[in-house]
Structures are given as C-alpha cells and as structure tokens.
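Undergrad:
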Amino acid sequence: MEIPWLPRSKENLTFIRQVPKFLQAHAHLLGKGQGAQGEDDPTAVDDDLALKRQSDEPDAEDDAREKEEALAQALAADPNLLLQHPELADVAIKVKAGELKEKGNRAFNEGKFDEAARHFQECVVLCPRDEVFWSNLSAARASLKDWPAASAAAETAIGLKPRWAKAHARLAAAYTGQEDHVRALERYERALQLEPSNGQFQEALSRARVAAGKQEAEGKHRFKRKASAAAEERPVALAGSGKAPVKKRSTILSFSADEDDDGET
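Residues 416 to 680 in this note's numbering are what the sequence shown lists, from first letter to last.
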C-alpha cells in the first residue's frame, strides 16, 4: 500500500532538526527556521554512502554546544523566558558570565586592568569550570603585576584543560614576572609541544632560555660567594693556645660554570 506522505525517492528526502517548542518563536536566532537548512544540516543526496554519513546524528558535543548557544541567544532576546522556564537557569548564568567577559575584554584593551580583573573574577565565580575565564583573569592579574594571583589563575586553567597551550604560556608569563625563569622555560617548552608552529611561543621560549641560563649562572656564583664569605667569617679556636679564636680561610667546593661544563669555555 502506498503511503501518500512518504517520499517516493530519496531525492525528495530532507532531514529537519527539531526546535524545542518554547524556542520555536526564536528559531530565527539559529539562522534557520523550521524546515530551513543550514550548511551543517544533514540532507539527502544521490550517493548512498554520503546519504548514510550525512543522515547520522550530529556529534553530541557539537549538538549540545549549538543548543546552548541557541538558548543563550533566546534568553538574551527575551529575558522573560527564564521566568517561564526555570530550567534555563544554568544557561542564564553562562549568558551573564559572557556579558561580563565582554566587559572585561573591553576594559583590558583600554588598559583598565583593575576593572578587567574585577569582571573576570566575577566570571570565574559564576562559571568556575570555564578555563577561558581563568586564563583571562591570569592575564589581567599579570598586567597588574600580581604574579601570585596570575600564577594561581593560570594553574586552574591548566587543571581544567591540560592540553591548552595558551594556559601554559600564561603560567610561564607569571613565572617570568616572579623572575623564576627556569620554571617559565619549562612552561614555554610545554606550550610549544602543544602548538609547535606558534611564533609568539617560540620567541618567548628563546628569551626564557637566555634568562634561565643567566639565572642559573648567577645563582651558582652567588652560592659560591656566600659560602666563601661564611667560611671566612667562621671563628676557629687554636687548640691549647688559650688565644682568642681567629678567622680561618678555607677552600670550598666551587660551582662555577666552567667546572659544570667539564672545563669547556
């Protein structure tokens, strides 16, 4: 028996992504209405294999992100939706955080780093698991030379997204501000492992390598001078002489660069 509404051929077949009923009035915010098609919509084509591929369900993560963006746009257009649908509270929080982020970005670009840090701090309070907000907070704190806070924010971003190169670079910048060039070097190396073609990271790594080398050399020489001075000031009593202690000069182990390099200059 022929079913009148069933297409006779696959050429007439179109897949339609449903819009939730309470969002149908806002379907235009998606860039497509009911029955309209966008470039990422699955459609029927002649090739059977392509038909199968394109008619598959969209990736779950992409679909969830698209739905969230649609809800956010709908809430921005009609805030009363939250009163009608309390289940959208989480989306409303993300919308608010997004607005604060934009304010923070504007303030940062205008050099108002205190204001930017305040906005980004509000973002992480609203959405503590968003690594971008923590990264932005790190940048703002670094611009204020609040290096410990910049480090802490960058470390949180890395914890949320360990393979995000920018977060490692943020932490490297914070270490540089604290003159901890060795750890900064390690973080820039990690950032470049994740993004080998990033020119900014390459330049920063070169600077960090030079600074770390100088710091290590200066640290060794400082150790040598301090140890020598301490030995010179140490009083030593002459056994059985009854005389007051005298200062003794002693030879201590040297950590100069030439010894570390096996005598090479």
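Glycine included, each C-beta is placed from N, C-alpha and C at the ideal position.
Which one of Lys576, Val625, Asp595 has the shortest CA to CA distance from Ala606?
TA: Counting from one through the sequence shown, the residue named residue 606 turns up at place 191. Checked all of Lys576, Val625, Asp595; the closest Cα to Ala606 is Lys576.
Undergrad: Count the other CB atoms, across all protein chains shown, that sit within 10 Å of the CB of Leu559; report buried if there are 16 or more and exposed otherwise.
TA: Within the sequence shown, the letter at position 144 stands for residue 559. Leu559 should be labelled exposed.
Undergrad: Let's see if you can read the secondary structure: which residues bound the alpha helix (DSSP H) around Leu503?
TA: Your numbering for residue 503 matches position 88 in the sequence shown. Neither: Leu503 is in no alpha helix (DSSP H) and is coded neither H nor E.
Undergrad: Straight-line CA distance for Ala580 to Glu633?
TA: Sequence index remark: in the sequence shown, residue 580 carries index 165 (1-based). Sequence index remark: in the sequence shown, residue 633 carries index 218 (1-based). Roughly 30 Å separates the two Cα atoms.
Undergrad: With C-beta atoms as the reference, is Ser553 less than 8 Å away from Ala589?
TA: In the sequence shown, residue 553 corresponds to position 138, counting from 1. In the sequence shown, residue 589 corresponds to position 174, counting from 1. Cβ distance < 8 Å, so Ser553 and Ala589 count as in contact.
Undergrad: By DSSP, does Pro543 sit in helix, in strand, or in coil?
TA: Taking the sequence shown and counting its residues from 1, one reaches residue 543 at position 128. Note: Pro543 maps to coil in three-state DSSP.
Undergrad: For the alpha helix (DSSP H) that contains Gln608, what are its first and last residues?
TA: The residue you call residue 608 lines up with position 193 of the sequence shown. 596-609 is the span of the alpha helix (DSSP H), which, as asked, contains Gln608.
Undergrad: Which residue wins for smallest C-alpha separation from Val547, given the options Gly513, Ile508, Gly628, Ala485?
TA: The count along the sequence shown starts at 1 and reaches residue 547 at position 132. The candidate whose alpha carbon is nearest that of Val547 is Gly513.
Undergrad: In the structure shown, what three-state DSSP assignment does Gly614 receive?
TA: Within the sequence shown, the letter at position 199 stands for residue 614. Three-state DSSP puts Gly614 in a helix.
Undergrad: For Ala522 and Gln630, what's the separation of their Cα atoms in angstroms?
TA: For the purposes of this step, residue 522 is identified with residue 107 of the sequence shown, where counting begins at 1. For the purposes of this step, residue 630 is identified with residue 215 of the sequence shown, where counting begins at 1. Their backbone Cα atoms lie some 35 Å apart in a straight line.
Undergrad: Give me the Cα-Cα distance between Ala487 and Leu515, rounded to the nearest whole angstrom.
TA: As a first step, residue 487 is located in the sequence shown; it is residue number 72 there, counting from the start. As a first step, residue 515 is located in the sequence shown; it is residue number 100 there, counting from the start. When rounded, the distance between both Cα atoms is 14 Å.
Undergrad: Would you report the Cα separation of Pro563 and Asp505, rounded to the nearest angstrom?
TA: Residue mapping note: residue 563 aligns to position 148 of the sequence shown, counting from 1. Residue mapping note: residue 505 aligns to position 90 of the sequence shown, counting from 1. Going from the Cα of Pro563 to the Cα of Asp505 covers about 31 Å.
Undergrad: When the Cα atoms are used, what is the spatial distance from Glu530 to Ser612?
TA: Taking the sequence shown and counting its residues from 1, one reaches residue 530 at position 115. Taking the sequence shown and counting its residues from 1, one reaches residue 612 at position 197. Rounded to the nearest angstrom, the two C-alpha atoms are 33 Å apart.
Undergrad: Report the three-state DSSP secondary structure of Leu559 (helix, strand or coil).
TA: In the sequence shown, residue 559 corresponds to position 144, counting from 1. Here Leu559 sits in coil by DSSP.
Undergrad: On a Cα-Cα basis, can you pick out the residue from Gly592, Asn551, Gly614, Ala489 that is closest to Asn524?
TA: Within the sequence shown, numbered from 1, the residue matching residue 524 stands at position 109. For Asn524, the nearest C-alpha among the options comes from Asn551.
Undergrad: To the nearest whole angstrom, what separates the beta carbons of Thr591 and Ala584, a pair I think is in contact under 8 Å?
TA: Mapped onto the sequence shown, residue 591 falls at position 176. Mapped onto the sequence shown, residue 584 falls at position 169. The Cβ separation is near 10 Å, so there is no contact.
Undergrad: So what does DSSP say about Pro585, is it helix, strand or coil?
TA: If you number the sequence shown from 1, residue 585 lands on position 170. Sequence inspection shows Arg at residue 585; the Pro mentioned does not correspond to that position. In this structure, Arg585 counts as helix in the three-state DSSP scheme.
Undergrad: Measuring only the C-alpha atoms, how far is Leu609 from Ile573?
TA: Numbered from its first residue, the sequence shown carries residue 609 at position 194. Numbered from its first residue, the sequence shown carries residue 573 at position 158. Cα to Cα, the separation comes out at about 13 Å.
Undergrad: To the nearest angstrom, how far is the alpha carbon of Arg602 from that of Leu498?
TA: Against the sequence shown, residue 602 aligns to sequence position 187. Against the sequence shown, residue 498 aligns to sequence position 83. Computed Cα separation, rounded: 46 Å.
Undergrad: Smallest Cα separation from Ala565: which of Val540, Cys542, Gln536?
TA: As a first step, residue 565 must be located in the sequence shown, where it is residue number 150. Checked all of Val540, Cys542, Gln536; the closest Cα to Ala565 is Gln536.
Undergrad: Using the C-alpha atoms, what's the distance from Ile508 back to Pro543?
TA: Taking the first residue of the sequence shown as position 1, residue 543 is located at position 128. Taking the first residue of the sequence shown as position 1, residue 508 is located at position 93. Going from the Cα of Pro543 to the Cα of Ile508 covers about 11 Å.
Undergrad: Can you tell me whether Val539 is buried or exposed? The criterion is at least 16 other CB atoms within 10 Å of its CB, across all chains shown.
TA: Position 124 of the sequence shown, counted from the start, is the residue given in the question as residue 539. Answer is buried; the Cβ neighbour count reaches 16.
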